[in-house]
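In the numbering used here, the protein residues as written are 23 to 591.
No residue lacks a Cβ here, since even glycine has one placed at the ideal position from N, Cα and C.
None of the values given here were measured: they were computed from a predicted structure.
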Amino acid sequence: MIRYATNPPRHQIPSSDFSPHLYHRPRPSSTAHTLHTPSLSTRLLTFISRVRARWTYLSTLLLLFWTALVYHSERHIWASSLRSCAWESWEHWPTGATPSRIALVADPQLVDIHTYSRRGLGMAATIFYSDLYLSRAWDSLHRELRPAETYFLGDLFDGGREWAPSSGAANDAPHDPREAQDWREKGMGYWLDEFQRFVKLFPTPAGVRVKAGLPGNHDLGFGGGVRENVRGRFEAFFGAGNDRWEVGNHTFVSIDVVSLSNEQDEKIYGPPREFLDSLSRGPTSAGKLPHMVETTASGPSPAAGSSSKHDLPTILLSHVPLYRPADTACGPRREKGTSIPIFRGYQYQNVLTPAISSELLKATGAKYVFSGDDHDACDVSHMYGTRGVVREWTVKAFSWNMGVRRPGFELVSLWNPLHDPAPEQLEGIGQAAHAAETPEQLTARLGPEEERDPKHEAPKPVVIHGGEETLQTRLCLLPDQIGMFLRYAIAFGGTVLLVTADALWRRGSRRSLGTKAKGLPVDEEGKYWKPSPSARRTGWMLLGAEVVKAIAIVAVPVLAWYCGLVLSW
């Protein structure tokens, strides 16, 4: 048997043959070093050749997978979510109807430096992704659905009540150890920066009326925590919280309920209470308004026109939901729990008191109510005396930081064609809105001069009264941002496992000759070289480096694709 020496003797080199240049290259001169420095194009070609050498079929598959995943999460999921809420897919008005379309947005609550206890990079990332989500949601809402009007239901900011025009804070405010320093460094200017941030995130689309004057408890505080200077600043920038206007033959009334809930300071509760007392019209009838089609010779009479003002259904906008008994079911669209819990805390109260709720319904005669504050969806019906049922929708939060996985907004479609010209045919009502003309009658009225009949007149105008249903709503859900992050994390973990398995398989296929030989006698195995523990550790380190490089060559183009989609929205 041929035996190989385990430690072969070193070749002896005569001392006279030693030369320092055999082991140490002389340092090149600056001129020679400059002449041999590779150019940028050479370096780029070298980098490409190295990437190609490491590129595998698995790299191609991973690149395609990540490209599709990022596009789906950053683009496609937004368009598909909003298109599922297309007006035509859920509106059920008669053919030819032209409803007024409105979007209601609640609780964007811009995250600021006092929202969470963390600071630094974590807070910066939270603010960045929160703003990115709000901007995308706002842009997608108006690009895909194109509502005529959009109303905010309060809580535009998260800490608007804390950043008062003066540094004095409420006595019962929880103490933030950084508050004094923040006031010294930022002061009132921070709120102005937050206002500019809000304007940037929610620009007014062309042709859309946006109303953001309804305040929330995070904008002003609640009840005894509301300060006059904070409310004055909010109204100066966003408009009056107590307001009334008409859209689509419906009357909208917004009430500053966070100030109305103050029971001590007349300067705080006085303006909303005076506004309620100043509502000139009587209570709106909550009864059904059956469709009626009338043909008149001279159009609607003045009496009919004046009475119609009292027949317009009223829609109340309130930041805080109306009172309801505990454990009142909110319907199937609620994400957490089955009802709105009834309790209060620092600067908030989940529902209004029974007295204020009754006062609001009595003063406004509201038939429908929309509210926010709870962050989750809730659909309840209130029984209010002889006026019958008053239905209330609590709108989901618009931001993904508010404790719900699927934020959302409410779409409202109004059609109450009281004293409006009718479409040519109103299907489902049982009769034409106006008398149809035959071709001969059209020719007699609009044909050539020689064929016209001066005695023929156009059909008489009609009056269409409000119908059985004048309002339809749809809760539109936005994408799950936390779900996106989880999908990215799971996909990254799967990528690491695949790349590691591929690297192990490749190392196994080109195993070193120094591995344990097979078929040798037991007494022969110990005479051959085996890797030491330190060599094994080095092997694992090399494996880790190989995995990192394999992931990096895929991650670089994927990150470039991701940043491009994020920054080019």
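Kindly provide the ranges of any beta strand (DSSP E) runs that are 3 or more residues long and lie completely inside the segment 334–397, ordered along the chain.
336–340 and 390–393
Between which two residues does the beta strand (DSSP E) harbouring Glu473 extend?
For this step, residue 473 is matched to residue 451 along the sequence shown. Unbroken run through Glu473: none, as it is neither H nor E.
Looking at the secondary structure, which residues open and close the beta strand (DSSP E) in which Met145 lies?
Along the sequence shown, one-based indexing puts residue 145 at 123. Segment Leu143 to Ser162 is the alpha helix (DSSP H) holding Met145; no beta strand (DSSP E) there.
Which residues in the same chain have their Cβ closer than 6 Å to the Cβ of Arg141, if we skip the five residues on either side of it in sequence?
Against the sequence shown, residue 141 aligns to sequence position 119. Once the five neighbours on either side are set aside, Arg141 has no close Cβ partner at all.
Between which two residues does the alpha helix (DSSP H) holding Ile99 run?
Sequence index remark: in the sequence shown, residue 99 carries index 77 (1-based). Residues Ile99 to Arg105.
By Cβ distance, which residues of its chain are closer than 8 Å to Leu374, with the 5 residues on each side in sequence left out?
Mapped onto the sequence shown, residue 374 falls at position 352. So the list reads Val279, Ser283, Ser340, Val342, Pro343, Leu344, Tyr345 and Leu382, once near-sequence residues are dropped.
I'd like to check one pair, Leu167 with Glu432: are the Cβ atoms closer than 7 Å?
Within the sequence shown, the letter at position 410 stands for residue 432. Within the sequence shown, the letter at position 145 stands for residue 167. No, these two residues do not count as a Cβ contact at 7 Å.
Who are the near neighbours of Thr386 in its chain, counting only those whose CB is closer than 6 Å to its CB and skipping five residues on each side?
Within the sequence shown, residue 386 is the residue found at index 364, counting from 1. Counting only Cβ-Cβ distances below 6 Å, and skipping sequence neighbours, we find Val275, Thr336 and Leu338.
Roughly how far, in whole angstroms, is the beta-carbon of Leu236 from the beta-carbon of Gly254, given that I think they are within contact range, below 8 Å?
Translated into positions along the sequence shown, residue 236 becomes position 214. Translated into positions along the sequence shown, residue 254 becomes position 232. That belief does not hold up - the Cβ atoms of Leu236 and Gly254 are roughly 16 Å apart, past 8 Å.
Compare the C-alpha of Lys233 against each of Arg158, Leu178 and Ser61 and name the closest.
Here residue 233 refers to the residue found at position 211 of the sequence shown. For the residues Arg158, Leu178 and Ser61, the minimum Cα distance to Lys233 belongs to Leu178.
Going straight from the alpha carbon of Ile290 to that of Gln131, what length do you get?
On the sequence shown, position 268 is the one that residue 290 refers to. On the sequence shown, position 109 is the one that residue 131 refers to. About 23 Å.
Looking at the structure shown, is Ala513 part of a helix, part of a strand, or coil, going by DSSP?
Numbered from its first residue, the sequence shown carries residue 513 at position 491. Here Ala513 sits in helix by DSSP.
Assuming Gln218 is part of the alpha helix (DSSP H), what are its boundary residues?
Within the sequence shown, the letter at position 196 stands for residue 218. Met210 to Leu223 is the extent of the alpha helix (DSSP H) around Gln218.
If we call anything under 7 Å between Cβ atoms a contact, is Ala399 one with Arg356?
Position 377 of the sequence shown, counted from the first residue, corresponds to residue 399. Position 334 of the sequence shown, counted from the first residue, corresponds to residue 356. Yes.
Check whether the Cβ atoms of Tyr390 and Leu493 lie closer than 7 Å to each other.
For the purposes of this step, residue 390 is taken as the residue at position 368 of the sequence shown. For the purposes of this step, residue 493 is taken as the residue at position 471 of the sequence shown. Taking 7 Å as the Cβ cut-off, Tyr390 and Leu493 qualify as a contacting pair.
For Cys107, I'd like the list of residues in its chain whose CB is within less than 7 Å of its CB, leaving aside the five on either flank, ordered along the chain.
Sequence index remark: in the sequence shown, residue 107 carries index 85 (1-based). Result list for Cys107: Leu167, Leu433, Arg496 and Cys498, in chain order.
Can you tell me where the alpha helix (DSSP H) with Arg183 in it begins and where it stops?
Taking the first residue of the sequence shown as position 1, residue 183 is located at position 161. No alpha helix (DSSP H) holds Arg183; DSSP gives it neither H nor E.
With distances taken from CA atoms, which of Asp524, Thr522, Leu589 and Met506 is nearest Trp88?
Along the sequence shown, read from residue 1 onward, the residue named residue 88 stands at position 66. Nearest option by C-alpha distance: Met506.
Buried or exposed for Ser152, please, with buried defined as at least 16 other CB atoms from any protein chain shown within 10 angstroms of its CB.
Indexing the sequence shown from 1 puts residue 152 at position 130. Flag for Ser152 reads buried.
CB-CB under 8 Å to Arg97, same chain, minus the five flanking residues each way: which ones, in chain order?
Counting from one through the sequence shown, the residue named residue 97 turns up at place 75. Contacts found: Leu587.
Pull up the CB-CB distance for Asp161 and His397, whole angstroms please, since I reckon it's below 8 Å.
Residue 161 sits at position 139 when you count from the first residue of the sequence shown. Residue 397 sits at position 375 when you count from the first residue of the sequence shown. 22 Å between Cβ atoms; not a contact.
What separation, rounded to the nearest whole angstrom, lies between the Cα atoms of Pro429 and Pro501?
Walking along the sequence shown from the start, residue 429 turns up at place 407. Walking along the sequence shown from the start, residue 501 turns up at place 479. Each residue's alpha carbon lies about 7 Å from the other.
Determine the burial state of Ala351: buried for a count of at least 16 other Cβ atoms within 10 Å of its Cβ, exposed for fewer.
Working through the sequence shown from its first residue, we reach residue 351 at position 329. Its Cβ having fewer than 16 others within 10 Å, Ala351 is exposed.
Going straight from the alpha carbon of Ser122 to that of Leu214, what length do you get?
Counted from its first residue, the sequence shown places residue 122 at position 100. Counted from its first residue, the sequence shown places residue 214 at position 192. Looking at the two C-alpha atoms, the distance is approximately 34 Å.
Are the CB atoms of Phe217 and Asp241 within a distance shorter than 7 Å?
Taking the sequence shown and counting its residues from 1, the one referred to as residue 241 is at position 219. Taking the sequence shown and counting its residues from 1, the one referred to as residue 217 is at position 195. Their beta carbons are not under 7 Å apart, which means Asp241 does not touch Phe217 by this criterion.
Return the bridge partner residues of Ile277 from the DSSP annotation.
As a position in the sequence shown, residue 277 is number 255, starting the count at 1. DSSP output for Ile277 lists Ser340 as bridge partner(s).
Identify whether Asp129 lies in helix, strand or coil by the three-state DSSP scheme.
As a working note, residue 129 is residue 107 in the sequence shown. Reduced to three states, the DSSP call for Asp129 is coil.
What does a CB cutoff of less than 6 Å around Ser394 pick up in its chain, not counting 5 residues either side in sequence?
On the sequence shown, position 372 is the one that residue 394 refers to. Note on residue identity: the sequence assigns Gly, not Ser, to residue 394. Taken in chain order, the residues that qualify are Ala128, Asp129, Leu175, Gly176, His341 and Val417.
Could you tell me the alpha carbon to alpha carbon distance between Ser361 and Ser421, rounded to whole angstroms?
By 1-based counting over the sequence shown, the position of residue 361 is 339. By 1-based counting over the sequence shown, the position of residue 421 is 399. Between Ser361 and Ser421, the C-alpha separation is close to 21 Å.
Taking the alpha-carbon positions, what's the Cys585 to Val578 distance?
As a first step, residue 585 must be located in the sequence shown, where it is residue number 563. As a first step, residue 578 must be located in the sequence shown, where it is residue number 556. If you take the alpha carbons of Cys585 and Val578, they lie about 11 Å apart.
On the three-state DSSP scale, how would you describe Ile135?
The residue given as residue 135 occupies position 113 in the sequence shown. If DSSP states are grouped into helix, strand and coil, Ile135 belongs with coil.
Over what stretch of residues does the beta strand (DSSP E) that includes Glu166 continue unbroken?
Working through the sequence shown from its first residue, we reach residue 166 at position 144. First-last for Glu166: undefined, no H or E at that position.
Is the Cβ-Cβ distance between Ala525 and Leu564 less than 7 Å?
Counting from one through the sequence shown, the residue named residue 525 turns up at place 503. Counting from one through the sequence shown, the residue named residue 564 turns up at place 542. Contact: no.
For Asp177, is the beta carbon positioned less than 6 Å from some heavy atom of the ligand ADP?
The ligand ADP is not among the ligands present in this structure, which contains no ligands whatsoever.
Can you grab the Cα-Cα spacing for the pair Arg509 / Tyr370, in whole Å?
Mapped onto the sequence shown, residue 509 falls at position 487. Mapped onto the sequence shown, residue 370 falls at position 348. Distance between the alpha carbons of Arg509 and Tyr370: 35 Å.
Under 6 Å Cβ to Cβ from Gly270, same chain only, skipping five residues before and after it: list those, please.
By one-based count along the sequence shown, residue 270 stands at place 248. Result list for Gly270: Ser122 and Leu436, in chain order.
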